[in-house]
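Everything on this sheet refers to the single structure shown next.
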Amino acid sequence: FTLFVVIILFVATIAYLWFTFAIVYHLIRFGIGSRPKMIALVFLIGSFILFVAAAISFVATASKLGSFISGSIPNF
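Read in full-length UniProt numbering, the sequence shown has 11 at position 11, and its numbers run on one by one without any break.
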């Protein structure tokens, strides 16, 4: 269970960071003037904050679910 969760979290993290990088890169590379660069900076900061919040929520939920499952299974 733990290894599977870690693998899923790792793949999701890599995919999320790749898409974030692609959006920020294209906003900075193909934007004219300073406005797209400011939008890219705001997007990068916001996506980082959302990523940290989602990771913390996932870990908290996974640990509560794991303790609930382990507490509900009888020991033989």
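All C-beta atoms in this analysis are idealised placements derived from N, C-alpha and C, irrespective of residue type, glycine included. Computed from a predicted structure; not experimentally measured.
For Ser34, name the three-state secondary structure that DSSP assigns. If you number the sequence shown from 1, residue 34 lands on position 34. It is coil, neither helix nor strand.
Taking the C-alpha atoms as reference points, what is the distance between Ile32 and Ile39? Reading the sequence shown from its first residue, position 32 is the one you call residue 32. Reading the sequence shown from its first residue, position 39 is the one you call residue 39. Straight-line Cα distance between these residues: approximately 12 Å.
Could you check how far apart the C-beta atoms of Leu9 and Phe48 are, in whole angstroms? I think they sit under 8 Å. Residue 9 sits at position 9 when you count from the first residue of the sequence shown. Residue 48 sits at position 48 when you count from the first residue of the sequence shown. With 8 Å as the limit, Leu9 and Phe48 do not qualify as a contact, their Cβ atoms being about 16 Å apart.
If we call anything under 7 Å between Cβ atoms a contact, is Val5 one with Ala62? Here residue 5 refers to the residue found at position 5 of the sequence shown. Here residue 62 refers to the residue found at position 62 of the sequence shown. Yes.
As a quick exercise: from Thr2, Tyr16, Pro36, pick the residue whose alpha carbon is nearest that of Phe51. As a position in the sequence shown, residue 51 is number 51, starting the count at 1. When only C-alpha atoms are compared, the closest one is Tyr16.
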